[in-house]
Amino acid sequence: MNIGILSRQPELYSTRRLVEAAKERGHSVRVIDPLLCYMTIASQRPTIHYKGEEIGGFDAIIPRIGASITFYGTAVVRQFEMMNTFCVNESVAISRSRDKLRSLQLLARKGIGLPVTGFAHSTKFTKDLVSQVGGAPLVVKLLEGTQGIGVVLTETQKAAESVIEAFRGLKENILVQEYIKEAQGADIRCFVVGDRVIAAMKRQGVEGEFRSNIHRGGEATVARLTPEERSTAVRSANIMGLNVAGVDILRSNHGPVVMEVNSSPGIEGIEKATGKDVADRIIQFIEKNAKPGKTRTRGNG
Ligand code: ADP
Ligand code: MG
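Heads up: the sequence shown begins at 594 in the numbering used here, then just goes up one per residue.
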């Protein structure tokens, strides 16, 4: 098969491993920087040009679109969809997953367990919002944060109100969330491919830190999942419309609750923690599922 990987960084572990795995299974593979693609949008024959040449003829595209280039990156994925190329994750699903409120609303609608979450535009009703989500202690999050930056644990009602008002004063969008204390600074990353969790790791934050992010010093080990956790992860990826997803779960007293669903989950941490060949599983999924015109949305939306 002819596989294209949309990635800005060919030297990145995740990209390198996907290239390796594709080659090992006898495919030809090319890494394409989405920001260097330019496109003509025509109803007859949509095209994509790259560094001066027209590209196409791919059996599958693996989008690895970083959060900072979601807008242009998903437009490139959509163009491939318009050309009837199979994209492992579709543009609509990627956009959905990048919007935390939209994702949580979609998951809630389908009955997925979530931490009680609130959000507001105005700070006029902060007190009420805080009590709506059950009062302190609370987690306040920047909607656009990553790697644990902008995630704050507020122990008291007053602290919660101050932090919310400070963020809103900086014109940042935030959400407030029930603090899952019993998770004890750990979360579970479930790596979903198709309708299976193919690897899972537990990330444990350093002593005294409630955030488990590896970038904050967290450590990863293999996780054994309960059947309920497994089905929660698979259903969440499915609701988002993602074939490849990293579903982050907290273990709460009332069962697994989903924090976020990532559409370009990193491969390095999970392969190293679990010893599983995650890249190979993604390529195998493509072999089974990639067919021209199989894209569901055809770039609609
Ligand atoms: P980011 O997108 O920056 O990684 P997350 O929402 O994943 O932000 O939060 C970072 C970390 O903080 C999580 O991995 C988890 O360990 C901890 N955390 C986040 N939300 C909660 C919560 N509601 N209760 C307990 N811990 C939480
Ligand atoms: Mg996270």
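In this text, a Cβ means the ideal position worked out from N, Cα and C, and glycines have one as well.
Chain-order list of residues whose beta-carbon lies under 7 Å from that of Thr749 (same chain, five-residue window excluded): Excluding its 5 nearest sequence neighbours in each direction, Thr749 has C-beta neighbours in its own chain below 7 Å: Ala729, listed in chain order.
Kindly identify the DSSP beta-bridge partner or partners of Thr710. BP columns for Thr710 point to Gln770.
Between which residues of its own chain and Arg823 is the CB-CB distance below 6 Å, once the five residues before and five after are set aside? Counting only Cβ-Cβ distances below 6 Å, and skipping sequence neighbours, we find Val790.
Could you check the C-alpha separation between Pro627 and Pro885 for me, to the nearest Å? So the alpha carbons of these two residues sit roughly 21 Å apart.
Using the Cα positions of Gly892 and Thr678, report the straight-line distance between them to the nearest angstrom. With a pLDDT of 47 at Gly892, under the threshold of 50, the modelled position of that residue is not reliable, and no figure is offered here.
Kindly identify the DSSP beta-bridge partner or partners of Tyr631. The partner list for Tyr631 (beta bridge, DSSP) reads His642.
Residue interval of the beta strand (DSSP E) (run including Ser845): Note, Ser845: beta strand (DSSP E), Val837 to Ser845.
Taking Cβ to Cβ, would you say Gly666 is nearer than 8 Å to Leu735? Contact flag unset, no.
Nearest candidate by alpha-carbon position, reference Cys630, set Thr819, Ala615 and Ala668: Nearest Cα to Cys630 within the set Thr819, Ala615 and Ala668: Ala668.
Determine whether the beta carbon atoms of Ala701 and Leu707 lie at a separation below 8 Å. Against a cut-off of 8 Å, the Cβ pair of Leu707 and Ala701 comes out as a contact.
Kindly indicate if chain C contains any beta-carbon less than 8 Å away from that of Ile648. No chain C is part of this structure, which consists of one protein chain only.
The alpha helix (DSSP H) enclosing Glu617, as first and last residue numbers: Start and end: Tyr606 to Glu617.
Could you check whether the Cβ of Glu758 sits closer than 7 Å to any heavy atom belonging to the ligand MG? Flag unset: Cβ of Glu758 not near the ligand MG.
Sheet register partners of Ser621 (DSSP bridge): Looking at the DSSP output, Ser621 shares a beta bridge with Asn595.
Mind listing, in chain order, the continuous beta strand (DSSP E) runs of no fewer than 3 residues lying wholly within the stretch 787 to 846? The stretch 787 to 846 contains these whole beta strand (DSSP E) runs: 789 to 797, 812 to 815 and 837 to 845.
Does the distance from the C-beta atom of Ala838 to that of Pro820 stay below 8 Å? For the 8 Å CB-CB criterion, Ala838 and Pro820 do not form a contact.
Taking DSSP as the reference, what is the three-state secondary structure of Ile781? Strand at Ile781.
Quick one: residues in its chain with C-beta nearer than 8 Å to the C-beta of Pro639, no 5 flanking neighbours on either side, listed in chain order? Answer for Pro639: Met632, Thr633, Gln672, Met675 and Met676, listed in chain order.
Can you find a heavy atom of the ligand MG that lies under 7 Å from the Cβ of Glu613? Every heavy atom of the ligand MG is 7 Å or more from the Cβ of Glu613, so no.
Identify, in the order they occur along the chain, each residue of the same chain with its Cβ nearer than 6 Å to the Cβ of Arg874, setting aside the five sequence neighbours on each side. Non-local C-beta neighbours of Arg874 in its own chain, meaning closer than 6 Å and more than five positions away in sequence, comprise Val786 and Ile791, ordered along the chain.
Beta-carbon spacing of Gly862, Ile807 below 8 Å: Here Gly862 is near Ile807, since their CB atoms are less than 8 Å apart.
Taking 7 Å as the cut-off, is the CB of Glu802 close to at least one heavy atom of the ligand MG? Glu802: no, Cβ never under 7 Å from the ligand MG.
If you measure from the CB of Asp873, is any heavy atom of the ligand MG nearer than 7 Å? No, the beta carbon of Asp873 sits no closer than 7 Å to any heavy atom of the ligand MG.
Could you give the DSSP three-state label for Phe651: helix, strand or coil? Under the three-state reduction of DSSP, Phe651 is assigned to coil, being neither helix nor strand.
Between Met594 and the rest of its own chain, which residues show a CB-CB distance below 6 Å, the 5 nearest in sequence each way excluded? Cβ within range, chain order: His620 and Asp652.
Indicate, with yes or no, if the ligand MG has a heavy atom lying under 7 Å from the CB of Glu853. Within the chosen limit of 7 Å, the ligand MG reaches the beta carbon of Glu853 through at least one heavy atom.
Classify Gly894: buried if its beta carbon has 16 or more other beta carbons within 10 angstroms, exposed otherwise. Residue confidence for Gly894 is low, a pLDDT of 46 falling below 50, so the modelled location carries little weight; the figure read from the coordinates is stated next. The residue is exposed, with fewer than 16 neighbouring Cβ atoms inside 10 Å.
Using only the alpha-carbon positions, how far apart do Asn682 and Leu835 sit? Using only the alpha carbons, I get a separation of about 5 Å.
Inter-residue Cα distance where the pair is Ala872 and Ala826: Just so you know, the alpha carbons of Ala872 and Ala826 end up roughly 19 Å apart.
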